[in-house]
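Read the structure below first, then the notes.
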Amino acid sequence: MIETSAYLEPTDEAGRALFMRNPQGSVVMLNLLRFRETADYAATPELAPDAPISGAAAFERYIAHTLPHLRASGGALLYLGNGGPFLIGPPEERWDLVMLVRQSSLASFMAFASNEAYLAGIGHRAAALEDSRLLPLTDAGTPGTSP
Numbered sequence: 047m048i049e050t051s052a053y054l055e056p057t058d059e060a061g062r063a064l065f066m067r068n069p070q071g072s073v074v075m076l077n078l079l080r081f082r083e084t085a086d087y088a089a090t091p092e093l094a095p096d097a098p099i100s101g102a103a104a105f106e107r108y109i110a111h112t113l114p115h116l117r118a119s120g121g122a123l124l125y126l127g128n129g130g131p132f133l134i135g136p137p138e139e140r141w142d143l144v145m146l147v148r149q150s151s152l153a154s155f156m157a158f159a160s161n162e163a164y165l166a167g168i169g170h171r172a173a174a175l176e177d178s179r180l181l182p183l184t185d186a187g188t189p190g191t192s193p
């Protein structure tokens, strides 16, 4: 059996590397998300519902809380898709949900991610997730379309 660590927050090193990349223009964040069977609100009991809920339900609460702040920052939720087994990839790895979020720039993303009103509900995300991946993407253009 392969032992893996959960990735729920960016490391300082990963944050520095993103800044060093200094992406220009819009950034699309590819999120791969694996939910807990039952949400864990131990770190944020003030956000916990009266009865236990699934990790997926906790993530729905996170999205409902986040969307107004995301839109106010100039960002957009581009796509939500149900995951499943890979066609090409490790058979033991699974992701429950795939999410694409666009921000107009790295600066806009950082302003959004540090907004106090947004952060007030981030405990729903932490309660929901067993593991995650976040990959910042920049436009590579379409081959064969430049003059």
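Take 47 as the starting number for the sequence shown in the numbering used here and just add one per residue.
Quick reminder that beta carbons are idealized off the backbone N, C-alpha and C, glycines included.
Nothing here was measured: the structure is a model prediction, and the numbers come from that model.
Starting from residue i and walking both ways along the alpha helix (DSSP H), at which residues does that stretch end?
i           : result
residue 132 : Here residue 132 belongs to no alpha helix (DSSP H), and DSSP marks it neither H nor E.
residue 64  : 58 to 67
residue 87  : Residue 87 -> no alpha helix (DSSP H), and no H or E assigned at all.
residue 163 : 162 to 165
residue 152 : 152 to 159
Within the continuous beta strand (DSSP E) that includes residue i, where are the two ends?
i           : result
residue 178 : 175 to 183
residue 107 : That residue, residue 107, is in no beta strand (DSSP E); its alpha helix (DSSP H) goes 101 to 118.
residue 80  : 73 to 81
residue 146 : 140 to 149
Is it buried or exposed for residue i, if we count other Cβ within 10 angstroms and need 16 for buried?
i           : result
residue 170 : buried
residue 48  : In this predicted model, residue 48 has a pLDDT of only 44, less than 50, meaning its place in the structure is not dependable; the value taken from the coordinates is given anyway. Exposed, because fewer than 16 other Cβ atoms sit within 10 Å of the Cβ of residue 48.
residue 125 : exposed
residue 107 : buried
residue 187 : exposed
residue 181 : exposed
residue 65  : exposed
residue 142 : buried
residue 121 : buried
Would you mind giving the Cβ-Cβ distance between residue i and residue j, rounded to the nearest angstrom? I have them listed as a contact below 8 Å.
i           : j           : result
residue 173 : residue 86  : 5 Å
residue 223 : residue 133 : Missing from the structure shown is residue 223; the chain here goes from 47 to 193 and no further.
residue 148 : residue 74  : 5 Å
residue 151 : residue 72  : 7 Å
residue 185 : residue 80  : That pair is no contact at about 28 Å.
One question on the structure: do residue i and residue j come within less than 8 Å of each other, judged by their Cβ atoms?
i           : j           : result
residue 76  : residue 165 : no
residue 146 : residue 54  : no
residue 130 : residue 140 : yes
residue 119 : residue 157 : yes
residue 115 : residue 163 : yes
residue 167 : residue 93  : yes
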